[in-house]
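Residue numbers (our numbering), protein chains in the order written: chain A, 1 to 453; chain B, 1 to 453.
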């Protein structure tokens, strides 16, 4: 069966990021100061981010030019291929057309370098010599380590302790790129020491690791903080994915009826979907968009749309988002990149306005889909990406039931080369499904900041 | 610093493999029957290989057409990119131009699928439903598992026992693609049982695993054997690499003065170098070619050019090749793909005729080169590929010393995502250099078959 691949010439790497803020039917809710609960301005973020990124965070310009230096690095692996999954269509016996964009060709193996490179560049421009960040499974940490190596910026990664020990190879990749990796909670920060004092055996969480990274960055002028998802500027940088997909589908003479994306913090979902949702918001072209989240961490389908912190230590500003509560610690599913209590404010806002749907899938269904995909299409997806694969298969089977030949697009956001323990456990029957812990979420939500009234 | 990448359109995937046998100044020495020591004909190989591959094995046609079905699968990741390593050139402060072809973009992460796909296709055409093979580090086994999944052929991999236990993730990848993986020596074969009877704790070797895979294939009509290197048809299939590189260098307005390739069995070296060595043999264009082998397994620089077996159990035909003796077991360096006692007959013949040079490098130098490359160019090479990187760096530094701006081409044959234990050990100071075991080689060579006189 023929491979159907759509490649763009490298001069078709987007010249601008697409900023969906320009097309929102109503503006994003204000960001609030964590202490005063008053609206914050760009200056309040200056200890953590370079001004260029802060201006992107608050921009409402529809397009923002990508610096040549960033496009020059993108060129190493972009434009990424768009495939038509003909073999999968045939195996499912569906009249649907299934296309997937493949971001696993980046040196770090996922879509994360799209923003890591941009963030490293802007920090370098403003004289920053060190970046701190957090990482769970390690996709983000290794991407920032890669970008730091290219731009000569020191990178310090607070890695959730359980992953630090369980995923030594991800750590080794970061260290090979020259990053310093610290198990979090650590005794290097006030936030870490506080957790360790109360829970000496704490295995850590993304929320704690964020607190540590933010604390260090806030202390020193030569050091800033970098986040791999959630924030507006991060989502902005990922829109190169959807813009390329749009051009590639044009080559194929197609336009998606349905877009499926997996959601953790929201960056890969935004990357593939925002350019299409933007066209819908502008009344140009309709599209149905489905976000797929893990049942163990269902911030869109089960969370509340309220103000919450981005971290456990409550150092970050308060943002309005779909959240399970910033103290909620999701079960240990293998899709570590989707284990975050909140959802990006932009994604939350659009969901609240009804511009896309969301479903929550169980772990076993997503791994079954990943194994099927690997055998049929030849590419082993990351556990996070398995959620998109499973969602796309559901849609394709629905098309079969209904006898309609719709066009489905999804983003295969990364490969699973670093996740083979999860595949081993799945094949050995050791993985299980997780209901999300309803009482724990209720408890976490009960502790929301009083600003929610 | 700008990324300089040369991409070919997919209609530039080569339509033919290049067969260097057509351009040899003298023919390859005859292949001998392992029992009778008489020359063998195509029919003798029929229990192990489909006739189409046997005919390629003995062909002297300069070009052999690539079936459309094989090119259709190649299209998933081919043409692979050619990069100019501008950042590395700058870091080395060399007047040399360094280009590298990157084969790590294949779904299995190395150049091995180039032949795995072709072999699976021809076996499928001849009604074969099962393939057996051996694998050490797992690059080859996972490539054949991938190809088997695409063509609906069952794959059974005898994996060297020490790797089976040390590299469970490689095994998991093969199993995810649907292959059956057996630790070798096993009790499933006469060859395996014989070894286990004598050495119950044997950790296995490629030579033993080959014996097991060959034994099983020879027993059943529906089962054939597949080899990932050494044989003429395997080297033939890899020539897509060099042919693409030639076209890409033409785009760059360049031609290599020096080609560097790492050598284990010889397939990746042949893939990048044969199209250029062919042009040299035909008197069209000169080129200097350097093979880089591990000091722990130096078949070209320290082996003898004699008739030897391909396996330990002595099931395979006798071929004339540079060998350290088929019973020699190399030290446990991490470049598992380079741990083979012999060298492909075609490569050995060309070396014997003086058409290229060879050097042997120590493990630590190759890992230092790999880490430097990852930090500067952003791609983490496999330990095997580190030999090519180190060789290219040596040549670039020599250009600097001599003040000459030569053009260097090397093949980055695979990524190191499955080799992070090796990088961890390297960074922890746990890796060491290995002299090859001179007495063991002497002993292994003393046991060469009497056909050598």
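Glycine included, every Cβ here is placed at the ideal spot set by N, Cα and C.
Inset, instruction - Specify whether the stretch 49-69 of chain A and the stretch 123-139 of chain A touch according to this definition: at least 3 beta carbon pairs, one from each stretch, less than 8 Å apart. - result: Segments in contact, yes.
Inset, instruction - Would you mind sorting residue 41 of chain A into buried or exposed? The rule is 16 or more other CB atoms within 10 Å of its CB. - result: Exposed, because fewer than 16 other Cβ atoms sit within 10 Å of the Cβ of residue 41 of chain A.
Legend entry - Secondary structure, alpha helix (DSSP H): runs of 4+ residues fully inside the stretch 36-79 of chain B: If we require 4 residues or more, the alpha helix (DSSP H) runs fully inside the stretch 36-79 of chain B come out as 42-45, 51-58 and 68-74.
Inset, instruction - Could you list which residues in chain A have their beta carbon closer than 9 Å to that of residue 75 of chain B, in chain order? - result: In chain order: 2, 3, 4 and 5.
Legend entry - residue 280 of chain B in three-state terms, based on DSSP: Helix, per DSSP.
Legend entry - Three-state secondary structure assigned by DSSP to residue 343 of chain B: Coil.
Legend entry - At least three beta-carbon pairs within less than 8 Å, the stretch 283-301 of chain B to the stretch 339-355 of chain B: Because the criterion of three Cβ pairs below 8 Å is met, the stretch 283-301 of chain B and the stretch 339-355 of chain B touch.
Legend entry - Of the listed residues B/48, B/58, B/37 and B/85, nearest to residue 396 of chain B (C-alpha basis): For residue 396 of chain B, the nearest C-alpha among the options comes from B/85.
Legend entry - Interface residues of the stretch 370-388 of chain A facing chain B [CB-CB below 7 Å]: Those would be 371, 374, 375, 378, 379 and 380, in chain order.
Legend entry - Same chain, Cβ closer than 7 Å to residue 458 of chain A, neighbours up to 5 away in sequence not counted: In the structure displayed, chain A extends from 1 to 453; residue 458 of chain A sits before or after that span and is not available.
Legend entry - chain A residues whose Cβ lies nearer than 7 Å to that of residue 173 of chain B: Within chain A, the residues near residue 173 of chain B are 380 and 420.
Inset, instruction - Return yes when at least one heavy atom of the ligand ADP lies under 8 Å from the C-beta of residue 49 of chain B, else no. - result: For the ligand ADP, the structure offers nothing, since it holds no ligand at all.
Legend entry - residue 93 of chain A versus residue 101 of chain A: straight-line alpha-carbon distance, rounded: Distance between the alpha carbons of residue 93 of chain A and residue 101 of chain A is about 21 Å.
Legend entry - Where residue 105 of chain A meets chain B, residues with beta-carbon distance less than 7 Å: Using a Cβ-Cβ cut-off of 7 Å, residue 105 of chain A is close to 105 of chain B, given in chain order.
Inset, instruction - Pull out every residue of the stretch 6-29 of chain B whose Cβ sits closer than 8 Å to any Cβ of chain A, in chain order. - result: Cβ contacts with chain A come from 7, 9 and 10.
Inset, instruction - Counting only the same chain and skipping the five closest in sequence on each side, list residues whose C-beta sits under 6 Å from that of residue 400 of chain A. - result: Within the same chain, 94 come within 6 Å of residue 400 of chain A by CB-CB distance, once the 5 residues on both sides are set aside.
Inset, instruction - Output, in chain order, the set of chain C residues within a Cβ distance shorter than 8 Å of residue 343 of chain A. - result: The chain labelled as chain C is not found among the protein chains of the depicted structure, namely A and B.
Inset, instruction - Return the chain-ordered list of same chain residues with a C-beta closer than 8 Å to the C-beta of residue 75 of chain B, the five sequence neighbours on each side being excluded. - result: Counting only Cβ-Cβ distances below 8 Å, and skipping sequence neighbours, we find 10 and 13.
Inset, instruction - Whole angstroms is fine: what's the gap from residue 487 of chain B's alpha carbon to residue 360 of chain B's? - result: Any question about residue 487 of chain B goes unanswered here, given that chain B covers just 1 to 453.
Inset, instruction - Measuring only between beta-carbons, confirm whether residue 321 of chain A sits less than 9 Å from chain B. - result: Answer no: the Cβ-Cβ gap between residue 321 of chain A and chain B never drops below 9 Å.
Legend entry - Whole-angstrom distance between residue 266 of chain A and residue 229 of chain A, CA atom to CA atom: Rounded to the nearest angstrom, the two C-alpha atoms are 6 Å apart.
Inset, instruction - Assign residue 15 of chain B to buried or exposed, taking buried as 16 or more other Cβ atoms, counted over all protein chains shown, within 10 Å of its Cβ. - result: Its Cβ having fewer than 16 others within 10 Å, residue 15 of chain B is exposed.
Inset, instruction - Measure from the alpha carbon of residue 344 of chain A to the alpha carbon of each residue in A/91, A/321, A/153 and A/357, then state which is nearest. - result: Of the residues A/91, A/321, A/153 and A/357, the one whose Cα lies closest to the Cα of residue 344 of chain A is A/321.
Inset, instruction - Give me the Cβ distance between residue 456 of chain B and residue 99 of chain B, rounded to the nearest whole Å; I'm assuming they're in contact under 8 Å. - result: It is not possible to answer for residue 456 of chain B, since the shown part of chain B is limited to 1 through 453.
Inset, instruction - Under the assumption that residue 263 of chain B contacts residue 291 of chain B (Cβ atoms under 8 Å), give the Cβ distance between them as a whole number of angstroms. - result: 4 Å between Cβ atoms; contact.
Inset, instruction - State the Cα-Cα distance for the pair residue 149 of chain B and residue 115 of chain B, rounded to the nearest angstrom. - result: C-alpha separation (whole angstroms): 15 Å.
Inset, instruction - Measure the CB-CB distance between residue 231 of chain B and residue 377 of chain B and report whether it falls below 9 Å. - result: Against a cut-off of 9 Å, the Cβ pair of residue 377 of chain B and residue 231 of chain B comes out as no contact.
Inset, instruction - Run the CB neighbour count on residue 282 of chain B, radius 10 Å, all protein chains shown included, and call it buried at 16 or more, exposed below. - result: The residue is exposed, with fewer than 16 neighbouring Cβ atoms inside 10 Å.
Legend entry - Straight-line gap, residue 211 of chain A to residue 236 of chain A (C-alpha atoms, nearest Å): Between the C-alpha atoms of residue 211 of chain A and residue 236 of chain A there is a straight-line separation of about 24 Å.
Inset, instruction - Could you tell me which of A/7, A/38, A/21 and A/23 sits nearest to residue 318 of chain A, measuring between CA atoms? - result: Among A/7, A/38, A/21 and A/23, the Cα nearest to that of residue 318 of chain A belongs to A/38.
Inset, instruction - Could you tell me whether the stretch 266-280 of chain A touches the stretch 301-316 of chain A, where touching means 3 or more Cβ pairs closer than 8 Å? - result: The way I'd put it, the stretch 266-280 of chain A doesn't touch the stretch 301-316 of chain A; fewer than three beta-carbon pairs between them come closer than 8 Å.
Inset, instruction - Please name the residue or residues paired with residue 261 of chain B in a DSSP beta bridge. - result: In the DSSP secondary-structure assignment, residue 261 of chain B is bridged to B/291.
Legend entry - Rounded straight-line distance, which links the Cα of residue 357 of chain B to that of residue 258 of chain B: Using only the alpha carbons, I get a separation of about 11 Å.
Inset, instruction - Report yes if the CB atom of residue 213 of chain B is closer than 9 Å to the CB atom of residue 225 of chain B, and no otherwise. - result: It is a contact, given that the beta carbons lie within the stated cut-off.
Legend entry - Three-state secondary structure assigned by DSSP to residue 330 of chain A: Coil.
Inset, instruction - Go ahead and pull the three-state DSSP assignment for residue 204 of chain B. - result: Coil at residue 204 of chain B, not helix or strand.
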